[in-house]
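First the structure, in the form of structure tokens, and then the observations on it.
Number of protein chains: 2
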Amino acid sequence: MRRDIFQAISDPTRRAIIVLIALQAMTPNAIAEHFDTTRQAVSKHLRILTECELVKQEHHGREIYYSLEIDKMKEIDKWLEQFRKIWETRFNQLDDLFLTIKKQKK
Amino acid sequence: MRRDIFQAISDPTRRAIIVLIALQAMTPNAIAEHFDTTRQAVSKHLRILTECELVKQEHHGREIYYSLEIDKMKEIDKWLEQFRKIWETRFNQLDDLFLTIKKQKK
DNA sequence: TATATTTGCAACCGATTGGTTTCATTAAAA
DNA sequence: TTTTAATGAAACCAATCGGTTGCAAATATA
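Listed in order, the protein sequences are those of chains A and B. Positions 46 to 151 (my numbering) are the ones given, in order, by the first sequence. Positions 46 to 151 (my numbering) are the ones given, in order, by the second sequence.
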């Protein structure tokens, strides 16, 4: 059972859940109301998100509030870092090109 | 057949392929040498990456060079943007907290 | 205490996934 | 021209996925 953050965000429903609970904690029932699936399906998604520590629980009586573990999201950002370097370099090269063209015009 | 960039990067082999061809174009055979799978499996991954436009082909005789479509990677970055706002705000709030503590010490 | 509500978990199901083997096509090399 | 090399596509397979229904446990409410 592979359970990493990239696999977690590959499902559109899970991405929507992540966005939904990013700013405020919510119960499974409340989350499920936003989707066209059963509460149990949402519960399954929450389990997957919990397993890869993208989400944390807070128990209040019989209710469980789920909220986003925002720091975990940084792992995606971290992986993107290597590509960001590339596209920024390419952008600068493009910038240099424009400068060269300007110089030629003068 | 859902084919979006998030599903594309959910597989670890595909992520490795992306990193591999990010800086220089490579043929399927050359790519496959880096993995413990058959050339055909890599070919399948390349098809998926091509379908969601993460990768582009350049034909040279009977060889096909695959390289990363770096701009497409920005889509992940774009999705992350909304969370980056959150974690930067939290960081600033933490910063404010430190300032408050400092003031109290004085 | 008896009942209703909130939740997680297990069992099941059809579709999809990542892999393999086999084959056809195209281009280079002998 | 015949042979070899590089590649994509199809058929198949076991494992996983996302969903459902049904049930058990725990907590709140009447």
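Beta carbons: idealized from backbone N, C-alpha and C, even for Gly.
Check, Outcome
"Under DSSP, the alpha helix (DSSP H) around H9/B begins and ends at which residues?", "This structure cannot speak to residue 9/B, because chain B is shown only from 46 to 151."
"Give me the Cα-Cα distance between A101/A and F80/A, rounded to the nearest whole angstrom.", "In the sequence as presented, Ala is not what sits at residue 101/A; that position holds Lys. Their Cα atoms are separated by approximately 20 Å."
"Could you work out which residue in E96/B, A61/B, E108/B and D56/B is closest to F208/A when comparing CA atoms only?", "Any question about residue 208/A goes unanswered here, given that chain A covers just 46 to 151."
"What are the boundary residues of the beta strand (DSSP E) that I109/B is part of?", "E108 to L113"
"To the nearest angstrom, report how far apart H105/A and N74/A are at their CA atoms.", "14 Å"
"Along the chain, where does the alpha helix (DSSP H) that runs through L94/B open and close?", "R84 to E96"
"Spell out a yes or no on whether the stretch 53–68 of chain A and the stretch 110–123 of chain A are touching, meaning 3 or more CB-CB pairs, one atom from each, closer than 8 Å.", "yes"
"What are the complete alpha helix (DSSP H) segments, minimum 4 residues, inside the stretch 47–72 of chain B?", "50–53 and 57–65"
"So, helix, strand or coil for F128/B, using DSSP?", "helix"
"Quick check on this structure: which residue in S112/A, F136/A, I131/A and F51/A has the alpha carbon closest to the alpha carbon of L91/A?", "S112/A"
"Who are the near neighbours of Q138/A in its chain, counting only those whose CB is closer than 7 Å to its CB and skipping five residues on each side?", "none"
"By Cβ distance below 8 Å, which residues in the same chain neighbour E155/B in space, the five residues on each side in sequence not counted?", "Residue 155/B cannot be examined here, being either before or after the span of chain B that is shown, 46 to 151."
"Output yes if chain B places a C-beta closer than 8 Å to the C-beta of M118/A; else output no.", "yes"
"Have a look at A70/A and R48/B and give me their C-alpha separation to the nearest angstrom.", "30 Å"
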